[in-house]
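Chemist: Quick note, the sequences are listed as chains X and C, same order. In terms of numbering that gives the first Met the number 0, the first sequence opens at residue 0 and continues consecutively. In terms of numbering that gives the first Met the number 0, the second sequence opens at residue 0 and continues consecutively.
There are 2 protein chains.
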Amino acid sequence: MTLRITELTRVLEEFTRMSIRLPAAQRLSFTTLSVLHTLSTRGPKRLTELTATEQVTQSAITQIVTKLEREGLVRREPDPTDGRAILVHPTPAGTAVIDGRRDERIRRLTALAERLTPAEQEAIAAALPALAHLVELSAPPTTHRSAPPAP
Amino acid sequence: MTLRITELTRVLEEFTRMSIRLPAAQRLSFTTLSVLHTLSTRGPKRLTELTATEQVTQSAITQIVTKLEREGLVRREPDPTDGRAILVHPTPAGTAVIDGRRDERIRRLTALAERLTPAEQEAIAAALPALAHLVELSAPPTTHRSAPPAP
DNA sequence: GGAATTTACTTGAGAAACTTACTTAAGTTT
DNA sequence: AAACTTAAGTAAGTTTCTCAAGTAAATTCC
Chain X
0 MTLRITELTR
10 VLEEFTRMSI
20 RLPAAQRLSF
30 TTLSVLHTLS
40 TRGPKRLTEL
50 TATEQVTQSA
60 ITQIVTKLER
70 EGLVRREPDP
80 TDGRAILVHP
90 TPAGTAVIDG
100 RRDERIRRLT
110 ALAERLTPAE
120 QEAIAAALPA
130 LAHLVELSAP
140 PTTHRSAPPA
150 P
Chain C
0 MTLRITELTR
10 VLEEFTRMSI
20 RLPAAQRLSF
30 TTLSVLHTLS
40 TRGPKRLTEL
50 TATEQVTQSA
60 ITQIVTKLER
70 EGLVRREPDP
80 TDGRAILVHP
90 TPAGTAVIDG
100 RRDERIRRLT
110 ALAERLTPAE
120 QEAIAAALPA
130 LAHLVELSAP
140 PTTHRSAPPA
150 P
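#1: Using the beta-carbon of each residue, which ones in chain C are nearer than 9 angstroms to Arg101 (chain X)?
#2: Using a Cβ-Cβ cut-off of less than 9 angstroms, list which residues of the segment 13-42 of chain C approach chain X; keep chain order.
#3: Chain X beta carbons: is any one of them nearer than 8 angstroms to that of Arg69 (chain C)?
#4: Please tell me whether Ala95 (chain X) has its Cβ less than 8 angstroms away from any Cβ of chain C.
#5: For Ala59 (chain X) and Ala118 (chain X), I'd like the C-alpha separation in whole angstroms.
#6: Please state whether DSSP places Val134 (chain X) in a helix, a strand or coil.
#7: Distance, Cα to Cα, Gln57 (chain X) vs Thr47 (chain X)?
#8: If the cut-off is 7 angstroms on Cβ atoms, which residues from the segment 107-135 of chain C count as contacting chain X, listed in chain order?
#9: Helix, strand or coil for Ser145 (chain C) per DSSP?
#10: With distances taken Cα to Cα, identify the nearest neighbour of Val55 (chain C) among C:Thr31, C:Thr40, C:Leu72, C:Arg41.
#11: Closer than 8 angstroms, CB to CB, is Thr1 (chain C) near chain X or not?
#12: Quick check: the Cα distance between Arg16 (chain X) and Gly82 (chain C), rounded to an integer number of angstroms?
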């Protein structure tokens, strides 16, 4: 059996739809939630770094971070290594928002997975490490401060 | 081995991020693309049905469909079975937009999957039918006009 | 070692994308 | 056939983004 990427892509598209359309209890826009997710899963980041991952202008990131800060979901802290830069840290409240949404996804997915056969559940379990590896190839987990590549 | 839903949820979240942040060449907003995706994968739908799947107000759907129509990506057609309703059909151009984005995802995912070991690729291939089934449990493929459930 | 350039962020004005509230018209109920 | 419900469109206002310009810290380069 060989891996059909087209089929995998279609399935992942559907999971994406399931994942996104959760009731946004906190009145935060899609992009704002995405920024908070990035901070919560990847740790503190500069505005510039967020600009790169979120596909909006740097100006939009400034405004989004300002809004998140007003709501107490992130903190701005000076970057000790660069006086121009700012590190945006998620607060416990901010992390709780993301965790809450994840919990909701887990609840829903659990309910669905219970309806699979044991063999199907087994197959997914067996593939999980490979799927995690695939994800990691695309977005290697960043440490707090990544060293620039050697010249 | 038993299926860890929490881990699966986290992995799927990361795929979601990969999937969304494609350069939107067509100048269409996220929600607008989502509507087009729905029509392209699920077939013609009423505005009311789109309201349910997209988590925006019915008014927003009207505006989005109007925009898509101006751009030649969908057509409005009267619903023969209900004079109040309209069925929104994707045009070939509309379908092409969605297919183009999928092609880009396939290209990227192919490049990543090539870096997995054969055993990893095999594991994902073996899990694919189960993943497809899981997705289908959440959003059964709608026929053109679904009969209401028997009372 | 100090001017010129680049990098990191902010601000303000305006465009785009949504929401709320209302309207019109077709179907349903009694 | 009058009263109600459902499907869609419209108008006005808010929120969210982009573009352009501005400030301040770091870097480059004579």
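Think of the CB as a built atom: it goes at the ideal place given N, C-alpha and C, for glycine as much as any other residue.
Modeler: Short version:
#1: Thr5, Thr8, Arg9, Glu12, listed in chain order.
#2: Glu13, Phe14, Thr15, Arg16, Met17, Ser18, Ile19, Arg20, Leu21, Pro22, Ala23, Phe29, Thr30, Ser33, His36, Thr37, Thr40
#3: no
#4: no
#5: The C-alpha of Ala118 (chain X) is placed about 47 angstroms away from the C-alpha of Ala59 (chain X).
#6: helix
#7: Counting only the Cα atoms, Thr47 (chain X) lies some 7 angstroms from Gln57 (chain X).
#8: Leu108, Thr109, Leu111, Ala112, Arg114, Leu115, Glu119, Gln120, Glu121, Ala122, Ile123, Ala124, Ala125, Ala126, Leu127, Ala129, Leu130, Ala131, His132, Leu133, Val134
#9: Annotation note: pLDDT 35 at Ser145 (chain C) (below 50); position unreliable, coordinate value reported separately. Of the three classes helix, strand and coil, the one that applies to Ser145 (chain C) here is coil, per DSSP.
#10: Val55 (chain C) has its Cα closest to that of C:Thr31, out of C:Thr31, C:Thr40, C:Leu72, C:Arg41.
#11: yes
#12: 31 angstroms
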